[in-house]
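Numbering of the sequence shown is given in the working numbering, commencing with residue 514 and proceeding in unit increments.
For reference, the structure is listed below as structure tokens.
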Amino acid sequence: MLPILYLAILFDLTLGEPPVYIHPVVWVGKISEKMIVPYKGYLYGVFVWVISVIPVLILLLIPLYIPSVIIQTILLTFFLKTSFSIKMLYELVKKSIPVNRENRKYAQQLVRRNVYELDDPHVASAVIESLFESLIDGITSPIFWFLILGYPGALLQRFSNTMDSMVGYKTLELQKEGWFSAKVDTIMNYIPSRLTGILMIIAGYLLGYKPRDLCKTLKSSGIESLNARYPISFASSILHVKLEKPGYYSVGEGNLPKEDDVRRALRLFVATLVLYFTLISIIYYYLYGLSLLSYPYGLIKFI
514 MLPILYLAIL FDLTLGEPPV YIHPVVWVGK ISEKMIVPYK GYLYGVFVWV ISVIPVLILL
574 LIPLYIPSVI IQTILLTFFL KTSFSIKMLY ELVKKSIPVN RENRKYAQQL VRRNVYELDD
634 PHVASAVIES LFESLIDGIT SPIFWFLILG YPGALLQRFS NTMDSMVGYK TLELQKEGWF
694 SAKVDTIMNY IPSRLTGILM IIAGYLLGYK PRDLCKTLKS SGIESLNARY PISFASSILH
754 VKLEKPGYYS VGEGNLPKED DVRRALRLFV ATLVLYFTLI SIIYYYLYGL SLLSYPYGLI
814 KFI
């Protein structure tokens with residue numbers, strides 16, 4: 514199904530996001546939103562995840578059994594595209610510069626913290642942090658699971674990440690209910706975050722951005738997330754800037770980023786994606802070949 518992936522990427526880069534009413538990720542979010550009940554326990558959290566994710570996933574598996582190749586290709590391309598978002602992320606970051614009061618509305622769409630309470634360097638830091646954390650959550654991780662579990666794997670990862678963003682908070686109200694969603698997301702992003710981090714380093718060297726104190730920056734990052742610490746720490750090291758979320762963590766040494774650092778971050782983002790898609794394409798080709806619709810279940814073929 515490698516051509517389906519290429520078609521999905523082309524769809525994303527040209528047309529961007531589909532309307533919310535036909536976006537499966539939005540469906541999962543809406544279902545979970547209606548089911549969230551504060552102060553519920555662990556089992557209810559599992560129940561919310563299953564009810565929110567599994568029905569939508571099953572519905573999106575129907576195109577695999579449509580006899581018409583044309584219709585099947587169109588539907589699989591569309592739904593696979595909804596598992597990642599390159600154009601929207603790139604454009605939001607690009608529109609956030611120059612960093613000023615007006616452009617804060619774009620930065621606010623990238624992060625949860627209130628950017629209107631931050632100074633310009635901390636807004637730039639928030640944008641760069643979100644760019645590379647979203648690179649994992651919203652692009653490289655679903656594509657990794659496309660390689661492992663095929664079309665269903667990409668959707669499963671994206672839905673799992675959505676559930677983490679809906680209920681995976683460590684607040685008193687959702688601490689138990691969101692535990693399962695947070696753990697599933699952590700497990701699914703574990704390998705992609707580290708693989709993407711390695712490719713970020715290679716991309717940095719290719720761009721002439723030599724990492725500085727890489728291991729030291731990673732170990733002293735103070736970022737609680739097991740996965741987010743890798744792209745954020747590596748971005749700090751490669752771009753030679755300090756990335757800081759006031760009251761939570763400060764990563765790297767030196768000055769907070771400026772507008773030009775955000776532009777360099779975008780170049781690093783693009784270079785990393787080029788390397789990542791090249792690597793995934795080569796591995797996928799040698800595992801499954803270039804057939805349009807065969808082996809939709811990834812490595813399950815070999816089990």
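Just so you know, even glycine gets a beta-carbon here, dropped at the ideal spot from N, CA and C.
Computed from a prediction, not measured in an experiment: that's the story for all the values here.
Could you tell me the boundaries of the alpha helix (DSSP H) in which leucine 572 lies? 555–574
Count the other CB atoms within 10 Å of the CB of tyrosine 798; is the residue buried (16 or more) or exposed (fewer)? Tyrosine 798 is classed as exposed because its beta carbon has fewer than 16 other beta carbons within 10 Å across all chains shown.
Among Ser763, Leu800, Leu781, Tyr801, which one has its Cα closest to the Cα of serine 638? Ser763
Cβ separation of phenylalanine 506 and leucine 668, assumed to be a contact under 8 Å, to the nearest whole Å: The structure shown has nothing for residue 506, since the chain only spans 514 to 816.
Are tyrosine 603 and leucine 779 touching if we call contact CB-CB under 8 Å? yes
In the DSSP assignment, find the unbroken alpha helix (DSSP H) run with tyrosine 762 in it and report its ends. Segment 762–764 is the beta strand (DSSP E) holding tyrosine 762; no alpha helix (DSSP H) there.
Pairwise C-alpha distance: valine 566 and glycine 691: 14 Å
Considering only residues of the same chain and omitting the five flanking positions on each side of leucine 731, which have a CB-CB separation below 8 Å? Arg742, Tyr743, Ser746, Phe747, Ser750
How long is the line joining the alpha carbons of tryptophan 562 and glycine 542, rounded to whole angstroms? 10 Å
Does DSSP put lysine 729 in a helix, a strand or coil? helix
Near leucine 475, which residues of its chain fall below 6 Å by C-beta distance, leaving aside the five closest residues on each side in sequence? Outside the shown range of the chain, which is 514 to 816, sits residue 475, and nothing can be said about it.
Taking leucine 708 and alanine 784 to be in contact with their CB atoms under 8 Å, please state how far apart those CB atoms are, rounded to whole angstroms. Their Cβ separation, rounded to whole angstroms, is 15 Å, which puts leucine 708 and alanine 784 out of contact at 8 Å.
When the Cα atoms are used, what is the spatial distance from tyrosine 619 to threonine 675? 20 Å
Cβ-based burial, serine 581 [other Cβ within 10 Å; buried from 16]: exposed
Among Lys594, Val569, Leu556, nearest to serine 520 - alpha-carbon criterion: As written in the sequence, residue 520 is leucine, which differs from the serine given in the question. Residue nearest to leucine 520 within the set Lys594, Val569, Leu556 is Lys594 (criterion: CA-CA distance).
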